[in-house]
Amino acid sequence: PELLPQLRPPPPAETTWSKHFPSASPDALDLMRRCLSFNPAHRPSAEEALAHEYVAQFHDEAAERRATRLVECIIDDNTQKATCVYRERLYHEITKMKRRKKSAKQGLRGEGQGQGEGDSISAGLGAQHNPR
Numbered sequence: 244p245e246l247l248p249q250l251r252p253p254p255p256a257e258t259t260w261s262k263h264f265p266s267a268s269p270d271a272l273d274l275m276r277r278c279l280s281f282n283p284a285h286r287p288s289a290e291e292a293l294a295h296e297y298v299a300q301f302h303d304e305a306a307e308r309r310a311t312r313l314v315e316c317i318i319d320d321n322t323q324k325a326t327c328v329y330r331e332r333l334y335h336e337i338t339k340m341k342r343r344k345k346s347a348k349q350g351l352r353g354e355g356q357g358q359g360e361g362d363s364i365s366a367g368l369g370a371q372h373n374p375r
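The opening residue of the sequence shown carries number 244 in this note's numbering; numbering runs sequentially from there.
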């Protein structure tokens with residue numbers, strides 16, 4: 244009970260961020276505060292963030308695309324992995340996507356068999372396509 248009067252509420256987020264980033268502009272601090280809000284419901288969407296004054300000079304609606312489906316993380320991010328694991332998985336996914344596009348373009352199904360989605364990460368790495 245004696246300590247309660249001595250406790251003070253934490254400083255407002257604006258004060259904290261400006262203390263850590265004294266050369267940041269007010270717009271930069273505002274976007275940072277919004278994006279790093281503890282409550283996800285208070286964070287801006289990607290579209291809202293792109294429309295923020297701080298990034299207005301980079302915002303070009305004509306060049307920006309909107310995802311047509313839910314973006315899923317292909318690697319469980321609850322466990323930290325080595326950078327090379329993320330890099331290899333990314334290369335694998337890119338290779339897999341390129342094979343799918345090439346197959347669709349040629350109208351072929353089954354090209355690149357044995358290297359489907361369930362194969363190991365390294366299966367798509369360094370694999371070269373040998374047309375028959």
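We treat Cβ as the ideally placed atom computed from N, Cα and C, and that holds for glycine.
Every value quoted in this text rests on a predicted model; they were computed, and no experiment measured them.
Chain-order list of residues whose beta-carbon lies under 8 Å from that of residue i (same chain, five-residue window excluded)
| i | result |
| --- | --- |
| I317 | R332, E336 |
| Y297 | S268, D270, A271, D273, L274 |
Distance between residue j and residue i (C-alpha atoms, nearest Å)
| i | j | result |
| --- | --- | --- |
| P269 | K344 | 45 Å |
| A310 | A294 | 17 Å |
| W260 | R277 | 11 Å |
| R262 | A299 | The sequence shown places Lys at residue 262, rather than the Arg named in the question. One C-alpha to the other measures close to 25 Å. |
| F281 | S346 | 44 Å |
| R375 | Y334 | Because R375 carries a pLDDT of 36, less than 50, the predicted location of this residue cannot be relied on, and no value is offered for it. |
| H285 | K348 | 43 Å |
| A267 | R312 | 35 Å |
| Y329 | N321 | 13 Å |
Proximity below 8 Å, CB of residue i to CB of residue j
| i | j | result |
| --- | --- | --- |
| L274 | A292 | yes |
Contacts around residue i, its chain only, beta-carbon distance under 6 Å, and the 5 residues preceding and following it disregarded
| i | result |
| --- | --- |
| A325 | none |
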